[in-house]
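J.: All letters in the sequence shown, in the order written, are residues 12 to 282 by my numbering.
Quick reminder that beta carbons are idealized off the backbone N, C-alpha and C, glycines included.
All values derive from a computational prediction rather than experimental measurement.
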Amino acid sequence: MQTGRAARIALYLYGALAIAFLYLPLVSVGFASISKARYLSFPIKRYTTQWYGKALESHTVNDLLWTSLTIAGIVTVVSMVVGFFGALAFARYHWRFRGVFQKLILLPIFFPQAVLGLALLMWFNFVGWIPDWKSAVVAHLVWISPIATLVIAIRAYSFDPALEEAARDLGASTWTILREVTGPLLMPGVVSAGLFAFLLSWGNFPLSLFTTGADSTLPEWLYAKMVSGYSPLVPTVGILSIATSLVLLIIAYGISRLLRSGRDRRQQADG
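(1) Would you call Gly-26 buried or exposed, if buried means 16 or more other Cβ atoms sit within 10 Å of its Cβ?
(2) For Thr-185, does the count of other Cβ atoms within 10 angstroms reach 16, so buried, or fall short, so exposed?
(3) What separation, rounded to the nearest whole angstrom, lies between the Cα atoms of Val-258 and Asp-180?
(4) Along the alpha helix (DSSP H) that carries Thr-187, what are the first and last residues, could you check?
(5) Taking the alpha-carbon positions, what's the Met-12 to Tyr-34 distance?
(6) Between Thr-193, Tyr-168 and Ala-167, which has its C-alpha nearest Ala-177's C-alpha?
(7) Between which two residues does the alpha helix (DSSP H) holding Phe-96 run?
(8) Give me the residue from Ala-31, Leu-28, Trp-154 and Lys-65 with the minimum Cα distance to Ile-45.
(9) Bridge partners of Tyr-58, per DSSP?
(10) Please classify Thr-228 as buried or exposed, where buried requires at least 16 other C-beta atoms within 10 Å of its C-beta.
(11) Met-91 and Ala-204: beta carbons closer than 8 angstroms?
(12) Quick check on DSSP: helix, strand or coil for Ala-225?
(13) Leaving out five residues before and five after Ala-98 in sequence, what residues of the same chain have Cβ atoms less than 6 angstroms from its Cβ?
(14) Which runs of the alpha helix (DSSP H) spanning at least 4 residues fall entirely within the region 114-152, listed in chain order?
(15) His-151 and Leu-75: beta carbons closer than 8 angstroms?
(16) Is it true that the CB of Leu-132 sits closer than 8 angstroms to the CB of Thr-59?
(17) Is the separation between the beta-carbon of Phe-137 and that of Ser-146 shorter than 8 angstroms?
(18) Here's a check: name, in chain order, each residue in its chain whose Cβ is nearer than 6 angstroms to the Cβ of Arg-57, leaving out the five neighbours to either side.
(19) Excluding five sequence neighbours on each side, which residues of the same chain lie with their C-beta closer than 6 angstroms to the C-beta of Val-93?
(20) Leaving out five residues before and five after Gly-84 in sequence, what residues of the same chain have Cβ atoms less than 7 angstroms from its Cβ?
(21) Pro-246 to Trp-140, Cα distance in whole Å?
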C-alpha cells in the first residue's frame, strides 16, 4: 500500500517534532556550557569556552570520570558474561526449574531503583560492608544483569538448535560448539547487551546515590551541583559526559565490526 504525499509529510513532521523533543534539551545544555553568564539566558550575550578547560583541568571531575568509567566498565563486562550464560539457561535449554528461574531473574527489573538501592544499602550495612564504588558495582549488577540477560535471550530464542546438534554429530566437543557455533551466533546480542549495560550504569543515579558511600559518580556530582553551587561547569561536565559515551559507543561499534569482518574472512578461508 502506497502512502500519499500528505501522509508522508505528516510523518516527516512528526519525526522532526519527536527528534526536537528529545534533543532540544541537550542543545540548551550545550548553549549553557559556553555562556559566560552564571545562569543561562537567551540570547547569549557573551560566549566562552573557559569552562571546558576548567573541567578538563579539574582533579575532582577527573576522579569522578574515572570512578564512573570503572564502575560502568566492570558492570559491562560482568553483565555480558552473566547475561550470556543466563540467556542460555533462560531461553536455550529446557530444565526443571526454568520457569522459576525466568520469573526470579525478571524481578529486579520491576523494583523501583530507589527502593532497590535502599534495600541494598541496608543489606551492605547488615553484612558490615562500608559502601564505596565497589558496592555500587554490585548494586548496578543486581539491576542491569537481568536486562543484559533478556537482551541476549532474544537472540538465543532466534537461532536453530539443530546447528549445535549438527556440530555435535560431527564430533565437536561442548567447548568447541560453544566457541564456534553458540558464541558467534549470540555475539550480536552480547554486544548489544554490553552497550545497554554500559549506558545504564554510566548514567545511573538512584542506585549510585544509595550505594557509593564516600565515593561519588558523575550523575551524583551533577545533581549535587544543581541543588547547590551551580555554575556553567555543570552543563559543561554534562556535555563532556555525553561526548565520552558517544566516543566509547563508536569504539565498541568499531571493535564489533572488526570482529565480524575477521570472522567472515576466516569463514571464507575455510570455505
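T.: Answer, in terms of the structure:
(1) exposed
(2) exposed
(3) 44 angstroms
(4) 185-188
(5) Note that Met-12 scores 47 on pLDDT, short of 50, meaning its location in the model is unreliable; the coordinates nonetheless yield the value given after this. The straight-line gap from Cα to Cα measures roughly 32 angstroms.
(6) Thr-193
(7) 70-98
(8) Lys-65
(9) Ser-46
(10) buried
(11) yes
(12) coil
(13) Thr-160, Ile-163, Ala-164 and Ala-167
(14) 124-138
(15) no
(16) no
(17) no
(18) Lys-47
(19) Ser-156
(20) none
(21) 34 angstroms
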